[in-house]
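Top to bottom, those sequences are chains R and Y.
Using my numbering, the letters of the first sequence map in sequence onto residues 1 to 241.
Using my numbering, the letters of the second sequence map in sequence onto residues 1 to 241.
Working notes, structure below.
There are 2 protein chains.
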Amino acid sequence: MNLLLISNSTMVGESYLGWPQNYIKDFLKDKVKRVLFIPYAGVNLSNSSIEESWNIYEEKVAAVYKKLGYEIYSIHHESDAVKAVRNAEAIAVGGGNTFYLNYMMHKENIITEIKAKVETGMHYMGWSAGSNAACPTIKTTNDMPIIEPDSFNAIGLIPFQINPHYLDAHPDGHGGETRQQRIEEFLAVNRNTFVVGLREASLLEMHDNKIELKGKHPLRIFKYGQKPYEINIGESLDFLF
Amino acid sequence: MNLLLISNSTMVGESYLGWPQNYIKDFLKDKVKRVLFIPYAGVNLSNSSIEESWNIYEEKVAAVYKKLGYEIYSIHHESDAVKAVRNAEAIAVGGGNTFYLNYMMHKENIITEIKAKVETGMHYMGWSAGSNAACPTIKTTNDMPIIEPDSFNAIGLIPFQINPHYLDAHPDGHGGETRQQRIEEFLAVNRNTFVVGLREASLLEMHDNKIELKGKHPLRIFKYGQKPYEINIGESLDFLF
Chain R
1 MNLLLISNST
11 MVGESYLGWP
21 QNYIKDFLKD
31 KVKRVLFIPY
41 AGVNLSNSSI
51 EESWNIYEEK
61 VAAVYKKLGY
71 EIYSIHHESD
81 AVKAVRNAEA
91 IAVGGGNTFY
101 LNYMMHKENI
111 ITEIKAKVET
121 GMHYMGWSAG
131 SNAACPTIKT
141 TNDMPIIEPD
151 SFNAIGLIPF
161 QINPHYLDAH
171 PDGHGGETRQ
181 QRIEEFLAVN
191 RNTFVVGLRE
201 ASLLEMHDNK
211 IELKGKHPLR
221 IFKYGQKPYE
231 INIGESLDFL
241 F
Chain Y
1 MNLLLISNST
11 MVGESYLGWP
21 QNYIKDFLKD
31 KVKRVLFIPY
41 AGVNLSNSSI
51 EESWNIYEEK
61 VAAVYKKLGY
71 EIYSIHHESD
81 AVKAVRNAEA
91 IAVGGGNTFY
101 LNYMMHKENI
111 ITEIKAKVET
121 GMHYMGWSAG
131 SNAACPTIKT
141 TNDMPIIEPD
151 SFNAIGLIPF
161 QINPHYLDAH
171 PDGHGGETRQ
181 QRIEEFLAVN
191 RNTFVVGLRE
201 ASLLEMHDNK
211 IELKGKHPLR
221 IFKYGQKPYE
231 INIGESLDFL
241 F
């Protein structure tokens, strides 16, 4: 399997998909020319309609990939979404709202096909919601449940859960749960699952059976009954499989 | 209808259910002696089991209500949850994880019964997840979707959506969505629904057809196609109905 699972598209003050560009280039190399884009998570880039939001999202992502030497074409223009996946050289799943993404992936019936293609070598990259989509379920998203998907099950390319945009900070004077508390709630009812807190400007890259942490920060690992701990760049992640 | 919909149980540095105590007393007055507690959102107050977590939650809440002159008894000890609701004088729905709360309310089949009772005058109070449960759906919760409920539909005691713990701040250097952006995503796909950002130390109290904001902060009102705006204490909220 070839996976690039990115925490977040953009660091504050940088251009869109700025920091991960070199990683994307290094991931796809010259093996791929065209990348099928899944824009479903981007629901509000336009005020007029969700379709129009996807158009704008496609343009925005295409501009970045073009600079890297790849052509982006979005699944929402394809008459047959399953066939589009079947014929894809690579897939990029954009961030935004994880519930809308999962809702559409179930509606368009592409989950099984994406999984089958990735298992036979197709390159899969995703950021934010697109990284959550590679997990067994969307149960560790930070997003608002703005629409009810057919199921919380996602593509299941990896056996553990990612929490993207993992942050340690807690806004001053806020009486709501911290991120760590939310993950602990997840663990209380999902006791056998690892949760990987993927901090900003960090990603996981997988080739064959080898997965690596890249970027700027350590991972934070959560498991029921264990104290959360850090995994640094270069340390083995084999225990997640 | 008699509703007390509280943003959050506890302000940083204060005791549990500290700030809302006087409001609870003023809401229930001497009309009520016993309050049926719904602990389902509290999934991780114990390391041993969710049942034990609910036991601990019940004790914690009972201690506060006892000081105010009311007896708390939790639904999870009742052999027939629907009957327990039918016989209740008042209901308190505790905060925690909204998905687990909604999962259990559907599983125990108590949603219709709670609605019917509240419509005939039973006092309903909730905080955090318990306030979201009074909305048409749980689609404006901030919580992690740690379990898949039968439906996102909630009790529907009010026709608008509350976002509890509404906060304006955005953690430094965080590339994830702000709360306002998340709500805008909700509005993009739910264009006819008002969202009410209920800040910490704030609550909505309703008697008959009159609803009032109480506490420390203005509400922030969100509607598709409108600039978000503030409603201060004392201003009319009739437009929400």
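The beta-carbon is built from N, C-alpha and C at its ideal position, and this holds for glycine as well.
Bear in mind the structure is a predicted one, so any value in this text is a computation, not a measurement.
Residue from the options with nearest C-alpha to residue i
{"i": "R/ILE67", "options": "R/PRO218, R/SER202, R/ILE24 and R/ALA92", "result": "Per the sequence shown, residue 67 of chain R should be read as Lys rather than Ile. Minimum Cα distance to R/LYS67 is reached at R/ILE24."}
{"i": "Y/TYR103", "options": "Y/HIS217, Y/LYS29, Y/ILE138 and Y/GLN161", "result": "Y/ILE138"}
{"i": "Y/PHE186", "options": "R/TYR224, R/GLU51 and R/TYR100", "result": "R/TYR100"}
{"i": "R/ALA129", "options": "R/PHE160, R/ASN142 and R/LYS117", "result": "R/ASN142"}
{"i": "R/LEU240", "options": "R/MET206, R/TYR166 and R/THR10", "result": "R/MET206"}
{"i": "R/TYR70", "options": "R/ARG34, R/GLU59 and R/SER49", "result": "R/ARG34"}
{"i": "Y/ALA90", "options": "Y/LYS60, Y/HIS123 and Y/VAL64", "result": "Y/HIS123"}
{"i": "R/VAL118", "options": "R/GLY234, R/ASN190, R/LEU4 and R/GLY96", "result": "R/LEU4"}
{"i": "Y/ALA116", "options": "Y/VAL82, Y/LEU198 and Y/GLN181", "result": "Y/VAL82"}
{"i": "R/THR98", "options": "R/GLN161, R/HIS76, R/THR120 and R/ASN132", "result": "R/ASN132"}
{"i": "Y/ALA252", "options": "R/ASN8, R/ARG191, R/ARG179 and R/GLU51", "result": "Residue 252 of chain Y lies beyond the stretch modelled for chain Y, which goes from 1 to 241, so this question has no answer here."}
{"i": "R/ASN163", "options": "R/ARG179, R/ALA154, R/LEU157 and R/GLY156", "result": "R/ARG179"}
{"i": "Y/HIS77", "options": "Y/SER48, Y/ALA63, Y/ILE56 and Y/VAL64", "result": "Y/ILE56"}
{"i": "R/GLY96", "options": "R/ILE211, R/LEU157 and R/ILE146", "result": "R/ILE146"}
{"i": "Y/VAL196", "options": "Y/SER202, Y/GLN161 and Y/SER9", "result": "Y/GLN161"}
{"i": "R/ASP30", "options": "R/LEU167, R/TYR65 and R/ASP168", "result": "R/TYR65"}
{"i": "Y/GLU108", "options": "Y/VAL85, Y/ALA92 and Y/MET125", "result": "Y/VAL85"}
{"i": "R/LEU204", "options": "R/GLN226, R/GLU59, R/ILE231 and R/ASN192", "result": "R/ILE231"}
{"i": "Y/LYS210", "options": "Y/ALA92, Y/ILE158, Y/GLY13 and Y/ASP26", "result": "Y/ILE158"}
{"i": "Y/THR140", "options": "Y/ALA92, Y/GLU235, Y/LEU198 and Y/VAL93", "result": "Y/LEU198"}
{"i": "Y/PHE37", "options": "Y/SER48, Y/GLU58 and Y/SER49", "result": "Y/GLU58"}
{"i": "R/ASN192", "options": "R/LEU167, R/GLY215, R/GLY225 and R/ASP168", "result": "R/GLY225"}
8 Å CB neighbourhood of residue i in its chain, flanking five on each side removed
{"i": "Y/HIS106", "result": "PRO149, ASP150 and SER151"}
{"i": "Y/GLU177", "result": "GLU185"}
{"i": "Y/GLY121", "result": "MET1 and ASN2"}
{"i": "R/LEU167", "result": "ARG179, ARG199 and GLU200"}
Through-space distance from residue j to residue i, alpha-carbon basis
{"i": "R/ALA134", "j": "Y/LEU45", "result": "30 Å"}
{"i": "R/LEU219", "j": "Y/ASN2", "result": "47 Å"}
{"i": "R/ILE114", "j": "Y/ILE111", "result": "38 Å"}
{"i": "R/HIS217", "j": "Y/LEU17", "result": "37 Å"}
{"i": "R/ALA247", "j": "R/ILE72", "result": "Residue 247 of chain R falls outside the range modelled here, since chain R spans only 1 to 241, and no answer is possible."}
{"i": "Y/ILE75", "j": "Y/ALA88", "result": "10 Å"}
{"i": "Y/ARG182", "j": "Y/ASN190", "result": "12 Å"}
{"i": "R/ALA154", "j": "Y/ASP208", "result": "44 Å"}
{"i": "R/SER9", "j": "R/TRP127", "result": "6 Å"}
{"i": "R/ASN22", "j": "R/TYR40", "result": "24 Å"}
{"i": "Y/ASP238", "j": "Y/GLY215", "result": "19 Å"}
Secondary structure of residue i, DSSP reduced to three states
{"i": "Y/GLU78", "result": "coil"}
{"i": "Y/TRP54", "result": "helix"}
{"i": "R/GLN21", "result": "helix"}
{"i": "R/VAL43", "result": "coil"}
{"i": "Y/PHE37", "result": "strand"}
{"i": "Y/GLN180", "result": "helix"}
{"i": "R/ASN132", "result": "helix"}
{"i": "R/TYR16", "result": "coil"}
{"i": "R/LYS227", "result": "coil"}
{"i": "R/ASN163", "result": "strand"}
{"i": "R/LYS60", "result": "helix"}
{"i": "Y/ILE147", "result": "coil"}
{"i": "R/TYR73", "result": "strand"}
{"i": "R/MET11", "result": "coil"}
{"i": "R/ASN97", "result": "coil"}
{"i": "R/ASP26", "result": "helix"}
{"i": "Y/LEU237", "result": "coil"}
{"i": "R/GLU113", "result": "helix"}
Cβ neighbours of residue i in the same chain (closer than 6 Å, five flanking residues each side left out)
{"i": "R/LYS223", "result": "PHE194"}
{"i": "R/MET144", "result": "none"}
{"i": "Y/ILE233", "result": "LEU213"}
{"i": "Y/PRO136", "result": "GLY156"}
{"i": "Y/PRO228", "result": "ARG220 and PHE222"}
{"i": "Y/VAL93", "result": "ILE38, GLY126, GLY130 and ALA133"}
For residue i: DSSP bridge partner residues
{"i": "Y/SER202", "result": "Y/GLY215"}
{"i": "R/HIS123", "result": "R/ASN2 and R/ALA90"}
{"i": "R/PHE222", "result": "R/VAL195"}
{"i": "Y/THR137", "result": "Y/ASN153"}
{"i": "R/LYS210", "result": "R/HIS207"}
Same chain, Cβ closer than 7 Å to residue i, five either side skipped, listed in chain order
{"i": "R/SER53", "result": "GLY42, VAL43, ASN44, LEU45 and SER46"}
{"i": "R/LEU28", "result": "TYR70, ALA90 and HIS123"}
{"i": "R/TRP19", "result": "MET11 and ALA201"}
{"i": "Y/HIS165", "result": "SER7, ASN8, SER128, ASN142 and GLU200"}
{"i": "Y/VAL32", "result": "TYR70, GLU89, ALA90 and HIS123"}
{"i": "Y/LYS60", "result": "TYR16"}
beta-carbon residue i near the ligand ZN non-hydrogen atom, thresh 7 Å
{"i": "R/GLU185", "result": "With respect to the ligand ZN, the structure offers nothing, as it holds no ligand at all."}
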